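So the protein lines, in turn, are chains A and B. Under my numbering, the first residue of the first sequence is numbered 1, with each subsequent residue one higher. Under my numbering, the first residue of the second sequence is numbered 1001, with each subsequent residue one higher.
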Amino acid sequence: MQILQYLINGISIGSVYAIIALGYTMVYGIAKMLNFAHGDIIMVGAYISFCVTSYLGLPAWVSVVAAVAVCTVLGIVIEGLAYKPLRGTPSLAVLITAIGVSYFLQNAAQLIWSSSPKNFTSVVTMKPISLAGGKIVVTGEVLLTVAACILVMVGLTLFTSKTRTGKAMRAVSEDRDAAQLMGINVNQTISTTFAIGSALAAVAGVLLCSTVPTLQPTTGSMPGIRAFTAAVFGGIGSIPGAMLGGILLGIIETFSKAYLSTQFSDAIVFSVLIVILLVKPAGLLGKQIQEKV
Amino acid sequence: MLKIEDMHVYYGAIHAIKGVSFEVGEGEIVALIGANGAGKSTILKTVSGLMHPRSGSIRFCDQDITHVDAYKLLRTGLAHVPEGRRIFLQMTVQENLEMGAYVNKEVSQADLETVFNYFPRLKERRKQIAGTLSGGEQQMLAMSRALMSHPKLMMLDEPSMGLAPILVDQIFDIIKELHKAGTTILLVEQNARKALQIADRAYVLETGKITLSGTGAELASSDAVKKAYLGG
């Protein structure tokens, strides 16, 4: 029974990673850059939600909407100010800038909200469900997180496969010049991608802090790195890959904490990643790009 | 229709196009021929806005398009089928065509039918992933994709590259058909013989400069062209 409980917890935290990883993977797929500031957008989203509920006393759903709105705008602004001017420069320059943006966001949060941790109140009010005579407990947070994750993944898949904008994103992801020759505005497409990725990060931030209620300026960095790992694990650039990678990572992490060692759980997670990448360098669902010349 | 004057293009410090001027009149087939590295593709990329010239001017349908970005140009009726086809390999044939019609907002069934009339094979394969098509089919798809936007001028970069002779003939027949249907063509080719056969006029490009120009027939019989590009 205990093992089932761990599995449920693992899927729950894994779903948070999956939502963050979806943002990483979309931005990587379309803008061809690793946005290391992505994790810190999560933190900003959580703080906005916290402020709206704790300081303004508004209902939880309003705080989620506010967090999504602020993070969407923040994502577009960061892309426009920090990354867009570097379009066409070596990817290392963009990567370093992303790390800079990450520190900037953390330090800005420290100035605004101080470095002392805030106690985040969960946005979920549902009572936990007990199964198997109380041996397994499914909290409202778990249900909401898993539901949100499935919803986000189905939504993104439909968006990229059915809509005009979504298809344009895939076109930009495959061949930027050819996409321009189709009349697709690449800058605008990349900006939209950042908006979507950052909105997802806000959702992930609220869910993360509802499960793990300590909120501080560095809250986003570790989940951000784990989600990045999850995206690589599943095959970066692939939407189902990010989802699978996130959930597997969550499960592996929970099981290693439960059965092996709490201190070494990250080391174990990353070792698994290394082994997987040795066997499948493109990640679990990564595409082996076939090219015909 | 298209008028290029004294265009200079650089790749960093490398002076790739050294003052090229030429024009394409409405209803013409104009060919640019020349060896590898002469700058043929660079000229097309610069015209379509993927690159910008350092000096000189490009006018299309009486508009100055010298510094217009690539994504805006398709709306003015200028389509570019790039070298190496550059179709979206992970998308289906149908989706590639939809991307070609991106500027029309919606894909009209009539446009699809027109394209499938030219290239019936694509109709059979419309659900197939473009990366699984043969080289010839990919070239057909690249041309179809460009046709979806109803271009006035279609620039084709090496449409015969890497294709079997029978397919080359087929592609050139279709270029002639498109031309008959009213599309002006600017053709860049290494296959000089083929290009000169169908071109009304042609320019010979050597290391970034135009060295010869004339009608297709004139150039095909010129000694200099024969020696350098037609194998004696």
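All C-beta atoms in this analysis are idealised placements derived from N, C-alpha and C, irrespective of residue type, glycine included. Since the model is a prediction, treat every value here as computed from it, not as a measurement.
In terms of alpha-carbon separation, which member of the options lies closest to residue i?
{"i": "residue 286 of chain A", "options": "A:233, A:52, A:257", "result": "A:233"}
{"i": "residue 1214 of chain B", "options": "B:1030, B:1130, B:1004, B:1085", "result": "B:1030"}
{"i": "residue 1169 of chain B", "options": "B:1140, B:1186, B:1184", "result": "B:1140"}
{"i": "residue 156 of chain A", "options": "A:241, A:46, A:47", "result": "A:241"}
{"i": "residue 213 of chain A", "options": "A:3, A:6, A:197, A:49", "result": "A:49"}
{"i": "residue 116 of chain A", "options": "A:166, A:218, A:174", "result": "A:218"}
{"i": "residue 162 of chain A", "options": "B:1011, B:1094, B:1152, B:1039", "result": "B:1094"}
{"i": "residue 1230 of chain B", "options": "B:1034, B:1023, B:1019", "result": "B:1034"}
{"i": "residue 1074 of chain B", "options": "B:1220, B:1205, B:1105", "result": "B:1105"}
{"i": "residue 203 of chain A", "options": "A:139, A:260, A:38", "result": "A:38"}
{"i": "residue 14 of chain A", "options": "A:187, A:211, A:70", "result": "A:211"}
{"i": "residue 181 of chain A", "options": "B:1099, B:1041, B:1062", "result": "B:1099"}
{"i": "residue 244 of chain A", "options": "A:259, A:142, A:227", "result": "A:227"}
{"i": "residue 1193 of chain B", "options": "B:1071, B:1043, B:1227", "result": "B:1227"}
{"i": "residue 151 of chain A", "options": "A:107, A:60, A:239, A:9", "result": "A:239"}
{"i": "residue 178 of chain A", "options": "B:1026, B:1127, B:1012, B:1070", "result": "B:1070"}
Checking 7 angstroms against the spacing of the C-beta atoms, do residue i and residue j come in under that value?
{"i": "residue 1101 of chain B", "j": "residue 1148 of chain B", "result": "yes"}
{"i": "residue 220 of chain A", "j": "residue 19 of chain A", "result": "no"}
{"i": "residue 168 of chain A", "j": "residue 190 of chain A", "result": "no"}
{"i": "residue 208 of chain A", "j": "residue 52 of chain A", "result": "no"}
{"i": "residue 1014 of chain B", "j": "residue 1208 of chain B", "result": "no"}
{"i": "residue 206 of chain A", "j": "residue 123 of chain A", "result": "yes"}
{"i": "residue 23 of chain A", "j": "residue 147 of chain A", "result": "no"}
{"i": "residue 230 of chain A", "j": "residue 246 of chain A", "result": "yes"}
{"i": "residue 159 of chain A", "j": "residue 99 of chain A", "result": "no"}
{"i": "residue 86 of chain A", "j": "residue 94 of chain A", "result": "yes"}
{"i": "residue 78 of chain A", "j": "residue 193 of chain A", "result": "no"}
{"i": "residue 1083 of chain B", "j": "residue 1189 of chain B", "result": "no"}
{"i": "residue 1048 of chain B", "j": "residue 1008 of chain B", "result": "no"}
{"i": "residue 1186 of chain B", "j": "residue 1202 of chain B", "result": "no"}
{"i": "residue 6 of chain A", "j": "residue 255 of chain A", "result": "yes"}
{"i": "residue 237 of chain A", "j": "residue 25 of chain A", "result": "yes"}
{"i": "residue 1057 of chain B", "j": "residue 1005 of chain B", "result": "yes"}
{"i": "residue 235 of chain A", "j": "residue 278 of chain A", "result": "no"}
Exposed or buried, which one is residue i when buried takes at least 16 other CB atoms within 10 Å?
{"i": "residue 127 of chain A", "result": "exposed"}
{"i": "residue 1154 of chain B", "result": "buried"}
{"i": "residue 73 of chain A", "result": "exposed"}
{"i": "residue 293 of chain A", "result": "The predicted position of residue 293 of chain A is uncertain, since its pLDDT is 42 and thus under 50; a value taken from the coordinates is nonetheless stated next. It counts as exposed."}
{"i": "residue 257 of chain A", "result": "buried"}
{"i": "residue 290 of chain A", "result": "Annotation note: pLDDT 49 at residue 290 of chain A (below 50); position unreliable, coordinate value reported separately. That one is exposed."}
{"i": "residue 1130 of chain B", "result": "buried"}
{"i": "residue 56 of chain A", "result": "exposed"}
{"i": "residue 119 of chain A", "result": "exposed"}
{"i": "residue 222 of chain A", "result": "exposed"}
{"i": "residue 281 of chain A", "result": "exposed"}
{"i": "residue 1166 of chain B", "result": "exposed"}
{"i": "residue 1138 of chain B", "result": "buried"}
{"i": "residue 81 of chain A", "result": "exposed"}
Item to check | Secondary structure, alpha helix (DSSP H): runs of 4+ residues fully inside the region 1100–1174 of chain B | outcome: Within the region 1100–1174 of chain B, the complete alpha helix (DSSP H) runs of at least 4 residues are 1109–1118, 1120–1124, 1135–1147.
Item to check | chain A contacts made by the region 1008–1023 of chain B, where a contact means CB separation under 8 angstroms | outcome: Taking 8 angstroms as the Cβ-Cβ cut-off against chain A, none of the residues of the region 1008–1023 of chain B qualify.
Checklist entry - What beta strand (DSSP E) runs, 3 residues minimum, are completely inside the region 1006–1060 of chain B? => result Correct list: 1014–1024, 1029–1034, 1055–1060.
Checklist entry - If contact means a Cβ-Cβ distance below 8 angstroms, which residues of the region 1097–1110 of chain B contact chain A? => result If the cut-off is 8 angstroms between Cβ atoms, the region 1097–1110 of chain B has 1098, 1099, 1100, 1102, 1103, 1105 near chain A.
Checklist entry - Any residues in the region 251–275 of chain A with a beta carbon nearer than 8 angstroms to a beta carbon of chain B? Which ones, in chain order? => result Within the region 251–275 of chain A, no residue has a Cβ that lies closer than 8 angstroms to any Cβ of chain B.
Checklist entry - Taking any Cβ of chain A, which residues in the region 1048–1068 of chain B have a Cβ under 8 angstroms from it, in chain order? => result Along the region 1048–1068 of chain B, the positions whose C-beta sits under 8 angstroms from a C-beta of chain A are 1048, 1049, 1050, read in chain order.
Item to check | Ranges of the beta strand (DSSP E) found wholly within the region 58–134 of chain A, counting only runs of at least 3 | outcome: You should have 129–131.
Checklist entry - Any residues in the region 1203–1228 of chain B with a beta carbon nearer than 7 angstroms to a beta carbon of chain A? Which ones, in chain order? => result Hits within the stretch: zero.
Next on the checklist: At 4 residues or longer, what runs of the alpha helix (DSSP H) sit wholly inside the region 253–285 of chain A?
Outcome noted: 265–279, all fully within the region 253–285 of chain A.
Item to check | Residues of the region 147–180 of chain A with Cβ closer than 8 angstroms to any Cβ of chain B, in chain order | outcome: Cβ contacts with chain B: 164, 167, 168, 170, 171, 174, 175, 177, 178, 179, 180.
Item to check | Contact list for the region 179–208 of chain A against chain B, Cβ threshold 8 angstroms | outcome: Within the region 179–208 of chain A, those residues whose Cβ lies closer than 8 angstroms to any Cβ of chain B are, in chain order, 179, 180, 181, 182, 183, 184, 185, 186.
Item to check | Near-chain A residues of the region 1113–1137 of chain B - C-beta to any C-beta below 7 angstroms | outcome: So the list reads 1131, 1135, given in the order they occur along the chain.
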